[in-house]
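Data block below; observations after.
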Amino acid sequence: MEKIVNQKAWLLVLPVFVLVAFSAIIPLMTVVNYSVQDTFGNNQFFWNGVGWYKDLLDPSTELGGRFFASLWRNLLFSAAVLAIEIPLGILVALSMPREGWRVAACLIILALPLLIPWNVVGTIWQIFGRSDIGLLGYTLNLFGLNYNYVANPLDAWLTIIAMDVWHWTSLVALLCYAGLKSIPEAYYQAAHIDGASRWAVFTAIQLPKMKRVLLIAFLLRFMDSFMIYTEPFVVTGGGPGNSTTFLSIELVKLALGQFDLGKAAAMSIVYNLIVLIVCWVFYTVMTNVGTERRPETGGV
Amino acid sequence: MARIDLVDLAHSYHGPAADPATYALKPMSMTWRQGGAYALLGPSGCGKTTLLNIISGLVKPSRGRILFDQRDVTPLSTQRRNIAQVFQFPVIYDTMTVAENLAFPLKNRGLRGEQIASRVAEIAQLLDLTPHLKRKATRLSADAKQKISLGRGLVRPDVAAILFDEPLTVIDPHLKWELRSKLKALHRALDLTMIYVTHDQTEALTFADTVVVMQDGMVVQSGTPQDLFEKPAHTFVGYFIGSPGMNILPATVQGRRAHLSGHPIALTRAYDRLPAGARIEIGVRPEFVRVAAPAPNLLNARIERIDDLGRTRFARVRVGEQKLAAQVPNGMSFAGADVGLDFDPAHVHVYADSRLVEGAA
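If you're matching them up, the sequences are chains L and G in order. The opening residue of the first sequence carries number 1 in the working numbering; numbering runs sequentially from there. The opening residue of the second sequence carries number 1001 in the working numbering; numbering runs sequentially from there.
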């Protein structure tokens, strides 16, 4: 039988292709384009090859120094936030009621911080922490603690971490709660029969059953904290000095503050690659968790 | 190992103040012998699992007491009751190997390492799990997982009783039979009290020495499989046990004679003092009603169909508006649809308001 050749099918793909081109490919290529050129304004561009990338990845240059400093700062921030939010979220989920009207009450209270826009959260904490009029700042100073997030880097960090924990622990708690709810009652009954302690129930049943949602929570919180911009920008503006200047704040300073389009574009690309790689690693880990290396149907 | 007494026990999931008619478990008292193999048999929702969970302590009864060897354990938690329970669906601890799963109940009770190892090896041997001991339990099939659940119930050497809550539901039919025989063998070997909940009469009758039949939160009869078959204490038992179930027919009874649609049926015992106003029925198992050629001294019936069960044949017949099942003798062939029914008088029982009436000799 003769195969009928009909290329019209390509037309059907076209709308999607155009959509993706405008939403992703063209903007991305613009950034790639900027990252290999230099400009002195006036819409004049000069070819610079991989020059910006070389500078960026060399900590001894001004650009590289700034990039790596904010990268380490950002990684430290993400680590701190995860180290607090994940265990705290599990703890909150474990202590939530299982049934009755209290469930609804708890869920609403937990969901509230998640519904507040980023810049509002920033403003709330910015005022909350002020030592002249803020409830937190004023009270701390009243007790003789010299708390001032505008002047003291440690105070600024603690404020931002506390704010993030306040804003996002609910997300981890809700995910864990969903994971816990999916455990059949028979598991708890069996554990009672087997004489398991509270800790043994947690390690043998609850934690393994929560593994998947915990990975999702971990991934979401890592990505979000790694890309954080609005809240620290509103609270500290990246200061005092550069102490809370995270990657995205640095990027905005570079692109919009100094209008160094080439440097900023190169940094965007590398930033983007880091996010993609971390995503990919997590995705691979997540999809492999619980599956067999060697699938066995194992009859006895 | 213990004798278990239930004293005036009752339970309602809506609290003790609820209407007694809605109780999941109506007031009851009963004793489970040390070393007995019991089956709790009844349709879904009759309170079997509630009763089991009360014995194991997962559910606190609204009323009454539970005694293990005369010691009141009602307020004690499951952990302190020293009881093992196997559930309908396999429960395994995902992160552990098969061996670790089996060792879990022993480890939680602080046994020493070598004791645990020898006990686990022994139970694995009994359940044919030895080749899988080192594997992760999540990797096994549903059968094997349920074997692990069974194993965790059996592994503790000192339990007062082992409770099984329809443990073979997820098991393949051919393995079901094998596992049931294994449980029976274990029961003989370990001299443990075992209580086995099921809604499958074959399972109950093959496993247990004593079958406890429940209906609507009440125990309607407790006896050997033979008792249940030959002398059901309640029409429900007659109907629920046996396949096909007992024929239950409205009748009038006087002395040593019952009348069924005007036809007299002989009884071996005299029933002179039947409760007035009660609904009187006679019950006879299909195995004790013989189909024969029509004759003046036999009850006339019409055949509707014949069920061939391989070893035996049962005729589904109709007497007026009444439907019955009756055994067809080997080699009998039928000339027409009209037959006579021959009742074995020794196995015709009289029921007043569904309860067995003992006649006078």
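Glycine is no exception: its CB is placed at the ideal position from the N, C-alpha and C atoms. Note that the coordinates shown come from a computational prediction; the quantities given were computed from them, not determined experimentally.
Query                                                                                                                                                                         : Result
Who are the neighbours of Pro-1225 of chain G on chain L, taking C-beta pairs under 7 Å?                                                                                      : Within 7 Å Cβ-Cβ: nothing; Pro-1225 of chain G doesn't reach chain L, min ~28 Å.
Measure the alpha-carbon distance for Phe-1288 of chain G versus Val-1350 of chain G and round it to whole angstroms.                                                         : 15 Å
Please decide whether Phe-1104 of chain G counts as near chain L, where near means a Cβ-Cβ distance under 8 Å.                                                                : yes
Are at least three pairs of beta-carbons, each pair with one atom in the segment 1168 to 1176 of chain G and one in the segment 1020 to 1034 of chain G, less than 8 Å apart? : no
Considering only the beta carbon of each residue, do Gly-1213 of chain G and Leu-1205 of chain G sit closer than 8 Å?                                                         : Here residue 1213 of chain G is Val; the residue named in the question, Gly, does not match the sequence. Result no, Cβ atoms of Val-1213 of chain G and Leu-1205 of chain G do not sit closer than 8 Å.
Ordered along the chain, which non-local residues of its own chain (more than five positions away) have a Cβ less than 8 Å from that of Arg-952 of chain G?                   : Here chain G comprises residues numbered 1001 to 1361, so residue 952 of chain G is not present and cannot be evaluated.
Are three or more beta carbon pairs between the segment 167 to 183 of chain L and the segment 215 to 223 of chain L nearer than 8 Å?                                          : yes
Just the C-alpha distance for Asp-1344 of chain G and Val-1357 of chain G, rounded to the nearest angstrom, thanks.                                                           : 18 Å
Buried or exposed for Ile-26 of chain L, going by 16 or more other Cβ atoms inside 10 Å?                                                                                      : exposed
Can you find a C-beta in chain L that's less than 8 Å from the C-beta of Arg-1152 of chain G?                                                                                 : yes
Residues in its own chain within less than 7 Å of Lys-3 of chain L by CB, not counting five upstream and five downstream?                                                     : none
Closer than 7 Å by beta-carbon distance: list the chain G residues that pair up with His-192 of chain L, in chain order.                                                      : Leu-1058, Thr-1078 and Gln-1079
Which bits of chain G does Ala-200 of chain L rub up against, with CB to CB less than 7 Å?                                                                                    : Asn-1108
For Gln-7 of chain L, which three-state DSSP category applies?                                                                                                                : coil
Could you give the residue range of the alpha helix (DSSP H) that holds Gly-1064 of chain G?                                                                                  : Not the alpha helix (DSSP H): Gly-1064 of chain G falls in the beta strand (DSSP E), residues 1063 to 1068.
So for Met-1218 of chain G, helix, strand or coil by DSSP?                                                                                                                    : strand
Would you kindly work out how many angstroms separate the C-alpha atoms of Leu-1133 of chain G and Val-201 of chain L, rounded to a whole number?                             : 22 Å
Given Pro-1250 of chain G, which residues of its chain have a CB within under 6 Å of its CB, disregarding the five upstream and five downstream residues?                     : Glu-1281
DSSP state of Gly-1255 of chain G, grouped into three classes?                                                                                                                : strand
At which residues does the alpha helix (DSSP H) containing Tyr-1196 of chain G begin and terminate?                                                                           : No alpha helix (DSSP H) contains Tyr-1196 of chain G, which is instead part of the beta strand (DSSP E) from 1194 to 1198.
For Leu-1127 of chain G, which residues of its own chain have a beta-carbon under 6 Å away from its beta-carbon, when the five flanking residues on both sides are left out?  : Lys-1147 and Gly-1151
Does the Cβ of Val-5 of chain L have 16 or more other Cβ atoms within 10 Å, making it buried, or fewer, making it exposed?                                                    : exposed
What residues in its chain sit with their C-beta under 8 Å from that of Tyr-1364 of chain G, if we drop five residues either side in the sequence?                            : Not covered by the structure: residue 1364 of chain G. The range shown for chain G is 1001 to 1361.
Going by CA-CA distance only, name the one from L:Asp-260, L:Tyr-229, L:Ala-266 and L:Leu-251 that's closest to Phe-345 of chain L.                                           : Outside the modelled stretch of chain L, which goes from 1 to 300, sits residue 345 of chain L, for which no answer is possible.
Beta carbon of Leu-1299 of chain G, beta carbon of Leu-1260 of chain G: below 8 Å?                                                                                            : yes
In terms of residue numbering, what span does the beta strand (DSSP E) encompassing Lys-181 of chain L cover?                                                                 : Lys-181 of chain L -> not in any beta strand (DSSP E); alpha helix (DSSP H) instead, spanning 153 to 181.
Does any CB atom of chain G fall closer than 8 Å to the CB of Ile-60 of chain L?                                                                                              : At residue 60 of chain L the sequence reads Ser, which differs from the Ile that was named. Chain G contact via Cβ: absent.
Please classify Arg-293 of chain L: is it buried, with 16 or more other beta-carbons within 10 angstroms of its beta-carbon, or exposed?                                      : Any reading at Arg-293 of chain L must be qualified, since the residue scores a pLDDT of 47, below 50, and its modelled position is unreliable; the value itself is stated next. With fewer than 16 other Cβ atoms within 10 Å, it is exposed.
Could you tell me the alpha carbon to alpha carbon distance between Phe-282 of chain L and Thr-1078 of chain G, rounded to whole angstroms?                                   : 41 Å
Is there at least one Cβ from chain G nearer than 8 Å to Thr-149 of chain L's Cβ?                                                                                             : Strictly speaking, residue 149 of chain L in this sequence is Tyr, with Thr absent from that position. False, the Cβ-Cβ gap to chain G never drops below 8 Å.
Between which two residues does the beta strand (DSSP E) holding Glu-1304 of chain G run?                                                                                     : 1299 to 1308
If you run the structure through DSSP and keep just helix, strand and coil, what is Leu-1129 of chain G?                                                                      : coil
Per DSSP, what are the beta-bridge partners of Thr-1097 of chain G in this structure?                                                                                         : G:Lys-1136
Can you confirm whether Ala-69 of chain L, when its beta carbon is compared against all beta carbons of chain G, has any partner nearer than 8 Å?                             : no
Got a sec: is the Cβ-Cβ distance from Gly-65 of chain L to anything in chain G below 8 Å?                                                                                     : no
Does Glu-296 of chain L pass the burial test, meaning 16 or more other C-beta atoms within 10 Å, or should it be called exposed?                                              : Note on Glu-296 of chain L: pLDDT 43, under 50, position unreliable in the model; no value is reported.
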